[in-house]
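S.K.: Sharing a structure, written as structure tokens. Questions coming.
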Amino acid sequence: MQKLISFFIAFIVCFSSLAEQAYVLPKQTDSLKEVINNAKNDSIKVNALLRLDELIFLSNPKLSFNLNNRIILLCKDNLRKNISAVEKLFYKIKLSSSFNNLGVFYTDLANYEQALFYYEKAIDINKKLQNNLGLANDYNNVAWICVNQSSFNKAREYYNNALFIFKEFNDIKSIALVLKNIGNIYIENGEYEKAMQYCQESLNLSIENGLPPYVLEDIGRIYFETNDYDKALENYNSIANYYKISGSIRDLSFIYQSVANLYRKKGNNKRAVEYFKKSINLKESVNSFDGLDKCALNLYEIYKEEGNDNKSLKYHELYMVIKDTLNVMSANESVFRFEIEQEYELKKQSDSLMFENQLIVAKNKAKAKTEKSKIVRNYLVGILLLILSLLLFLFFHYKKTKSQKFVIENQHKDLTSSITYAKTIQAALFPTDKAVKELLLESFILYHPKDIVAGDFYWLEKQRDTLFFAVADCTGHGVPGAMVSVICNNGLNRSVREHKINEPGEILDKTREIILKEFEKSENEVSDGMDIALCSLSGSKLKYAGAHNPLWIIRENELIEIKANHQPIGKYRNSQPFTTHTIDLFKGDCVYLFTDGFADQFGGEKGKKYKKANLKKLLLSINVEPMQKQRDVLQYTFENWTGNLEQIDDVCVMGVRV
Numbered sequence: 258m259q260k261l262i263s264f265f266i267a268f269i270v271c272f273s274s275l276a277e278q279a280y281v282l283p284k285q286t287d288s289l290k291e292v293i294n295n296a297k298n299d300s301i302k303v304n305a306l307l308r309l310d311e312l313i314f315l316s317n318p319k320l321s322f323n324l325n326n327r328i329i330l331l332c333k334d335n336l337r338k339n340i341s342a343v344e345k346l347f348y349k350i351k352l353s354s355s356f357n358n359l360g361v362f363y364t365d366l367a368n369y370e371q372a373l374f375y376y377e378k379a380i381d382i383n384k385k386l387q388n389n390l391g392l393a394n395d396y397n398n399v400a401w402i403c404v405n406q407s408s409f410n411k412a413r414e415y416y417n418n419a420l421f422i423f424k425e426f427n428d429i430k431s432i433a434l435v436l437k438n439i440g441n442i443y444i445e446n447g448e449y450e451k452a453m454q455y456c457q458e459s460l461n462l463s464i465e466n467g468l469p470p471y472v473l474e475d476i477g478r479i480y481f482e483t484n485d486y487d488k489a490l491e492n493y494n495s496i497a498n499y500y501k502i503s504g505s506i507r508d509l510s511f512i513y514q515s516v517a518n519l520y521r522k523k524g525n526n527k528r529a530v531e532y533f534k535k536s537i538n539l540k541e542s543v544n545s546f547d548g549l550d551k552c553a554l555n556l557y558e559i560y561k562e563e564g565n566d567n568k569s570l571k572y573h574e575l576y577m578v579i580k581d582t583l584n585v586m587s588a589n590e591s592v593f594r595f596e597i598e599q600e601y602e603l604k605k606q607s608d609s610l611m612f613e614n615q616l617i618v619a620k621n622k623a624k625a626k627t628e629k630s631k632i633v634r635n636y637l638v639g640i641l642l643l644i645l646s647l648l649l650f651l652f653f654h655y656k657k658t659k660s661q662k663f664v665i666e667n668q669h670k671d672l673t674s675s676i677t678y679a680k681t682i683q684a685a686l687f688p689t690d691k692a693v694k695e696l697l698l699e700s701f702i703l704y705h706p707k708d709i710v711a712g713d714f715y716w717l718e719k720q721r722d723t724l725f726f727a728v729a730d731c732t733g734h735g736v737p738g739a740m741v742s743v744i745c746n747n748g749l750n751r752s753v754r755e756h757k758i759n760e761p762g763e764i765l766d767k768t769r770e771i772i773l774k775e776f777e778k779s780e781n782e783v784s785d786g787m788d789i790a791l792c793s794l795s796g797s798k799l800k801y802a803g804a805h806n807p808l809w810i811i812r813e814n815e816l817i818e819i820k821a822n823h824q825p826i827g828k829y830r831n832s833q834p835f836t837t838h839t840i841d842l843f844k845g846d847c848v849y850l851f852t853d854g855f856a857d858q859f860g861g862e863k864g865k866k867y868k869k870a871n872l873k874k875l876l877l878s879i880n881v882e883p884m885q886k887q888r889d890v891l892q893y894t895f896e897n898w899t900g901n902l903e904q905i906d907d908v909c910v911m912g913v914r915v
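Take any residue in the sequence shown, count from 1 to its spot, add 257: that is its number in this note's numbering.
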């Protein structure tokens, strides 16, 4: 197994090395900077800034900090303008990405309070947008902070939330990472067998899918904690080789720190010192404070044990500087962000001179006490001034927040009012209850939007002796879904009214053509569309065509399923003409059209999906009942199943009895 892992790592390392050399070329960063400086469209500029940040965030954290603040300003500036819903969605998603990036920046500085501040901003945006993948990444990052604060139960909760979302999207890379992180929690709790299960699952996924083997670090730690030092070192060296060639300096610093701890545990102080120093040098090169204090403390303790007062004093001083720096950063949320780093850089430059002075001080204890008193006094004065500055900052921040709260409350009121009015406009596109009852004598429609407005809609049209009816599910829900539904509804109307098409398959073909032409007007690529079940009824002859959404017919207590084409009404690389199915209906037949919202709803005792199989059983059990009663049973079942859980999608079910 170890040979297989070694071969896999060698392959990944070589591939990563070549990829990075081809990827992070100065020409690429120069071209991005040119785009940033010359782009007239802010959306292009924002994308270029984010791309540049991806290339440099490990090697230049300060530049990454500045780039993300610039992105935030651009996004906020555009969101204050009168722009389209698609543009608003774009800038909100990019804004949440930059908030998340700043959270990572402050996590690397071990300033967890400030990191959480930005993660919460990102989570708030992604929850409102229902951007679940973005939300999962936020949860994963917050969980890491919880681990560092020893809040393991809270960390496991965040990791499980992230894992659930990543599994929904089949994001293998992220699943492997979260499994690794959950394994790390079990390591912290001393549950090494459980930890190895999660870590091994993560490693298997990485090997099967050609992903970086990050989890080898955690597997090494399990062996370390169970005193199998040879296997621990073997895993540490394997992942260290990957980090060396891939250029992951910060990650390599943690591996060296782990190797140093291993050698110290084995009693090999010489090797421990070597690796603690390597770790410190790497952390300093990328301005990462995370773990720097522990390295300095270990070196202080080793030199003290060996009786080397000079070096012991040096690393104790370094430890105290780092510890004080982290305390100040934790207390002060935003003032003087980089002052600490500059002070630390100056401290490093003056190390040699300072330590020479300390040797002289050590020979004169009385003088040392005096000097120490002065240092303590100056330090306390500095702390008092810092606290005073913080209090002034908080006072002015409170006044500003109070005024902003009034503005935000009014904006929220106006926004809610606008969306409520949009619901009235959207409802005007739907057939009236009177029209439905006149044209479909025995029928029901169960319509439950997730939000005020929806992406699901139902459609009804009469042309001569043919009646058309449909249930459709447009991309998304809420305001974005509603906007797409207006375009799709219009496409259906034009296909039947203007182009006089009466074959369901041809109607869907023409509707797709109309929708794609509308989306091509946008400068940005739009991949939205809809799934639909469309029927035409003339006498007892039913014709059906569908995009993803099937048609169910219940006849004499037997369910017949007519399957849809597996393609949406929208942009699709392998688009084919839609198929029209013709069915002869008999008196008493029940026809059902629906979107996926009902079957996909989470609920019940175990919080699982309702699923189509259960929906089939339910309809088979009630199909002989009057249509209104069928609707009531469906509504009761849905509400009872959902319980206290959140509705995850719009719901629309139509039933028609011949």
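Quick reminder that beta carbons are idealized off the backbone N, C-alpha and C, glycines included.
Could you tell me the boundaries of the alpha helix (DSSP H) in which glutamine 454 lies?
M.R.: First-last of the alpha helix (DSSP H) with glutamine 454: 449-465.
S.K.: Going straight from the alpha carbon of tyrosine 829 to that of glutamate 777, what length do you get?
M.R.: One C-alpha to the other measures close to 14 Å.
S.K.: How big is the Cα-Cα spacing for leucine 320 and lysine 866?
M.R.: Cα to Cα, leucine 320 sits roughly 45 Å from lysine 866.
S.K.: Suppose the cutoff is 7 Å on Cβ atoms and the five residues either side in sequence are ignored; what does the same chain contact list for asparagine 298 look like?
M.R.: Cβ neighbours of asparagine 298 beyond the five flanking positions: none.
S.K.: When DSSP builds the beta bridges, which residues end up paired with serine 700?
M.R.: Note: serine 700 sits in a beta bridge opposite Val913.
S.K.: Could you tell me the boundaries of the beta strand (DSSP E) in which isoleucine 810 lies?
M.R.: Taken as a continuous stretch (DSSP letters only), the beta strand (DSSP E) holding isoleucine 810 covers 808-812.
S.K.: Bridge partners of asparagine 822, per DSSP?
M.R.: Partner(s): Ala804.
S.K.: Please report the straight-line C-alpha distance between leucine 392 and lysine 384, rounded to a whole angstrom.
M.R.: The alpha-carbon atoms of leucine 392 and lysine 384 are separated by roughly 7 Å.
S.K.: Alpha carbon to alpha carbon, how far is isoleucine 810 from serine 795? Give it in angstroms, no decimals.
M.R.: Approximately 16 Å between the Cα atoms of the pair.
S.K.: For aspartate 381, which of Ser353, Ile702, Lys844 has the nearest alpha-carbon?
M.R.: Per the Cα distances, Ser353.
S.K.: My output table needs one value for lysine 411: the three-state DSSP class, helix, strand or coil.
M.R.: In this structure, lysine 411 counts as helix in the three-state DSSP scheme.
S.K.: Can you tell me whether aspartate 906 is helix, strand or coil according to DSSP?
M.R.: Three-state result, aspartate 906: coil.
S.K.: Candidates Asp788, Ile537, Asp708, Ser793: which alpha carbon is nearest aspartate 722's?
M.R.: Closest by alpha carbon: Ser793.
S.K.: Counting pairs of beta carbons, one from the stretch 356-373 and one from the stretch 332-342, are three or more of them closer than 8 Å?
M.R.: Judged by Cβ distances under 8 Å, the stretch 356-373 makes no contact with the stretch 332-342, as fewer than three pairs qualify.
S.K.: How big is the Cα-Cα spacing for serine 569 and glutamate 558?
M.R.: When rounded, the distance between both Cα atoms is 7 Å.
S.K.: Do cysteine 332 and valine 292 have their beta-carbon atoms positioned less than 8 Å apart in this structure?
M.R.: It is not a contact, given that the beta carbons lie outside the stated cut-off.
S.K.: Under the three-state reduction of DSSP, which class applies to histidine 573: helix, strand or coil?
M.R.: Looking at histidine 573 - three-state DSSP - the assignment turns out to be helix.
S.K.: By the 10 Å Cβ neighbour count, where 16 or more other Cβ atoms means buried, how is phenylalanine 835 classified, buried or exposed?
M.R.: Flag for phenylalanine 835 reads buried.
S.K.: With distances taken between CB atoms, is the gap from threonine 852 to aspartate 889 smaller than 8 Å?
M.R.: Cβ atoms of threonine 852 and aspartate 889: not closer than 8 Å.
S.K.: With DSSP as the reference, label serine 793 as helix, strand or coil.
M.R.: Serine 793: strand per DSSP, three-state reduction.
S.K.: What does DSSP give as the partner residue(s) for glutamate 815 in the beta ladder?
M.R.: According to DSSP, which records beta bridges pairwise, glutamate 815 is partnered with Arg812.
S.K.: For the putative contact between alanine 727 and leucine 808, defined by C-beta atoms under 8 Å, what is the C-beta separation to the nearest angstrom?
M.R.: In fact, because the Cβ distance is near 11 Å, the residues do not count as touching under 8 Å.
S.K.: Sorted by chain position, which residues of the same chain lie with C-beta nearer than 8 Å to leucine 816's C-beta, five sequence neighbours on each side aside?
M.R.: The residues are Trp809, Ile810, Lys873, Leu876, Leu877.
S.K.: Rounded to whole angstroms, what is the Cα-Cα separation between aspartate 931 and phenylalanine 725?
M.R.: What is shown of the chain runs 258 to 915, which leaves residue 931 out entirely.
S.K.: With DSSP collapsed to three states, give me the class of phenylalanine 714.
M.R.: If DSSP states are grouped into helix, strand and coil, phenylalanine 714 belongs with the strands.
S.K.: Going straight from the alpha carbon of isoleucine 709 to that of glutamate 699, what length do you get?
M.R.: The alpha-carbon atoms of isoleucine 709 and glutamate 699 are separated by roughly 28 Å.
S.K.: Please state whether the Cβ-Cβ distance between lysine 430 and leucine 468 is less than 8 Å.
M.R.: Contact: yes.
S.K.: Under DSSP, the alpha helix (DSSP H) around alanine 296 begins and ends at which residues?
M.R.: Where alanine 296 is concerned, there is no enclosing alpha helix (DSSP H), given that its DSSP letter is neither H nor E.
S.K.: Taking 8 Å as the threshold (beta carbon to beta carbon), is aspartate 334 in contact with chain C?
M.R.: No chain C appears in the structure shown, which is made up of a single protein chain.
S.K.: In the DSSP assignment, find the alpha helix (DSSP H) that holds alanine 393 and state where it starts and stops.
M.R.: Taken as a continuous stretch (DSSP letters only), the alpha helix (DSSP H) holding alanine 393 covers 389-405.
S.K.: Threshold first: 4 residues or longer. Then list the alpha helix (DSSP H) segments lying entirely within the stretch 879-903, N to C.
M.R.: DSSP runs (the alpha helix (DSSP H)) wholly in the stretch 879-903: 884-899.
S.K.: Quick one: complete beta strand (DSSP E) runs, 3+ long, within the stretch 838-885?
M.R.: Here the runs fully enclosed are 838-841, 847-851.
S.K.: For aspartate 523, tell me which candidate among Ala553, Phe511, Asp487, Cys552 has the shortest Cα-Cα distance.
M.R.: A small fix is needed here, since residue 523 is lysine in this sequence, not aspartate. Ranking the options by Cα distance to lysine 523, first place goes to Asp487.
S.K.: Taking only three categories from DSSP, how would you classify threonine 286?
M.R.: Of the three classes helix, strand and coil, the one that applies to threonine 286 here is helix, per DSSP.
S.K.: Expressed to the nearest angstrom, what Euclidean distance is found between the alpha-carbon atoms of tyrosine 493 and arginine 521?
M.R.: Rounded to whole angstroms, tyrosine 493 to arginine 521 spans 15 Å at the Cα level.
S.K.: Based on the DSSP output, what are the partners of valine 728 in its beta bridges?
M.R.: Valine 728 pairs with Tyr715, Ala790.
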